[in-house]
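K.L.:
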Amino acid sequence: YESNVKITDVSGNLVFETNSEGGTAIWNGSDTNNNRVSTGVYLVLSSDKYGREKTIGKILFIH
139 YESNVKITDV SGNLVFETNS EGGTAIWNGS DTNNNRVSTG VYLVLSSDKY GREKTIGKIL
199 FIH
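First residue of the sequence shown? That's 139 in the working numbering, and the numbers climb one at a time after it.
(1) Quick test of your reading: residue 182 and residue 194, contact by CB under 8 Å. State the CB separation rounded to the nearest angstrom.
(2) For residue 191, which residues of its own chain have a beta-carbon under 6 Å away from its beta-carbon, when the five flanking residues on both sides are left out?
(3) Do you know offhand how far residue 201's Cα is from residue 142's?
(4) Among 148, 144 and 178, which one has its Cα closest to the Cα of residue 162?
(5) So, is residue 148 buried or exposed, given that buried needs 16 or more other C-beta atoms within 10 angstroms?
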């Protein structure tokens with residue numbers, strides 16, 4: 139199953155976006171400019187092929 143996956147900060151700013159491959163998406167902790175993100179909570183959103191989006195989780199990123 140393929141979907142679009144977005145990661146945002148808690149303010150809703152887009153941090154990272156990718157498409158899943160076979161139901162799996164990987165995020166290396168970098169933003170769209172390839173800078174390491176700050177410690178904090180990030181939201182994971184996924185949309186299906188019809189564009190329906192929902193929050194599927196929260197990530198606490200610590201470094």
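Glycine included, every Cβ here is placed at the ideal spot set by N, Cα and C. Please read all numbers here as calculations on a predicted model, not as lab measurements.
P.N.:
With the given structure in hand:
(1) 5 Å
(2) 183 and 185
(3) 26 Å
(4) 144
(5) exposed
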